[in-house]
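Enquirer: Be aware that the sequence shown starts at 1, since it is given in UniProt numbering, and climbs by one per residue.
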Amino acid sequence: MIAIGGGGFIPARILRTFLKRANNKNIPIQAIGLSLYEDLGSYNLSTDDSPAIIGTQVIKTQWLHFGPSHATTSPLLGKNILIVDEVDDTRTTLAYAVQELSKDIEEEKRKFLQENPGCIVPETKFAVFVLHNKKKEKRMEFPDPSIIEEGRYYAARETPDRWLVYPWEANDIEEHTKKSLIQEQEELQ
Ligand code: 5GP
Numbered sequence: 001m002i003a004i005g006g007g008g009f010i011p012a013r014i015l016r017t018f019l020k021r022a023n024n025k026n027i028p029i030q031a032i033g034l035s036l037y038e039d040l041g042s043y044n045l046s047t048d049d050s051p052a053i054i055g056t057q058v059i060k061t062q063w064l065h066f067g068p069s070h071a072t073t074s075p076l077l078g079k080n081i082l083i084v085d086e087v088d089d090t091r092t093t094l095a096y097a098v099q100e101l102s103k104d105i106e107e108e109k110r111k112f113l114q115e116n117p118g119c120i121v122p123e124t125k126f127a128v129f130v131l132h133n134k135k136k137e138k139r140m141e142f143p144d145p146s147i148i149e150e151g152r153y154y155a156a157r158e159t160p161d162r163w164l165v166y167p168w169e170a171n172d173i174e175e176h177t178k179k180s181l182i183q184e185q186e187e188l189q
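1) Do E169 and the ligand 5GP come close, with the Cβ less than 7 Å from some heavy atom?
2) Closer than 7 Å: is that where the CB of Y37 sits relative to any heavy atom of the ligand 5GP?
3) Going by beta carbon distance, what residues of the same chain come within less than 6 Å of L113, once the five residues before and after it are set aside?
4) Can the beta-carbon of R91 be found less than 8 Å from the beta-carbon of R157?
5) Three Cβ pairs or more, each shorter than 8 Å: is that satisfied between the stretch 160–168 and the stretch 144–151?
6) Mind checking whether I83 and V128 have CB atoms under 8 Å apart?
7) Within 10 angstroms of its Cβ, does N133 collect 16 or more other Cβ (buried), or is it exposed?
8) Look up P167 in the DSSP assignment and say whether it is helix, strand or coil.
9) Can E86 be considered in contact with the ligand 5GP, in the sense that its beta carbon sits closer than 7 Å to one or more heavy atoms?
10) Is any heavy atom of the ligand 5GP found at a distance shorter than 7 Å from the C-beta of L164?
11) What whole-angstrom Cβ distance do E108 and L77 have, given they're in contact under 8 Å?
12) Taking the alpha-carbon of P160 as reference, which of E175, Y37, D88 and H176 has the nearest alpha-carbon?
13) CB-CB under 8 Å to C111, same chain, minus the five flanking residues each way: which ones, in chain order?
Rendered as structure tokens:
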């Protein structure tokens, strides 16, 4: 349930779809939804002919939506795009996000060059931020290797390959807090 406004369960300010920047344009936030299906082999997006396979593993449940206020013909060109997720596990979901966003960018480039023949297409760069990166061999690589090579991959924490339970998924937050404190104590011993 989402209730908007000060009296709701979720304050309107955290539903905002932009970040404010002093004396500058706001930074828009877009939400995308991806669902991963677990019948996976091992594919490398940068070398294998895999999009169809990836497409059967990950499906888009929500995609970019540019409202009238940012309605330009090429809203992704020339941008630094930060992709944020809570956890990088097998990397399938993040790799798919980069792959699909790249397709949208290619389409924008095509239109841009049609409308501005001979012009230089503004470069778009991706960066990735996750709260947790599980230290393990990844099933997928990013289709754009510069994300790793140029240091635009950020993980707040590197964690062992274990299932993480986030507070926002808990049905009973007090039980969740109790369990996490017990686990913390156990890890300290
Ligand atoms: P990946 O595609 O990297 O294998 O998995 C990414 C998605 O799987 C995440 O966005 C998250 O929804 C889910 N996921 C993977 N590992 C965990 C975990 O340890 N805890 C939770 N809560 N979700 C996870």
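Glycine residues also receive a C-beta, built at the ideal position from the N, C-alpha and C atoms.
Expert: On the basis of the coordinates in this document:
1) yes
2) no
3) Exclusion of the five residues before and after L113 leaves no residue of its chain whose Cβ lies closer than 6 Å to its Cβ.
4) no
5) Not touching, per the Cβ criterion.
6) Taking 8 Å as the Cβ cut-off, I83 and V128 qualify as a contacting pair.
7) Buried, since its Cβ has 16 or more Cβ neighbours within 10 Å.
8) Here P167 sits in helix by DSSP.
9) yes
10) yes
11) Yes, E108 and L77 are in contact; Cβ-Cβ is about 5 Å, under 8 Å.
12) D88
13) The identity of residue 111 in the sequence shown is Lys, whereas the question assumes Cys. Cβ neighbours of K111 beyond the five flanking positions: T73 and S74.
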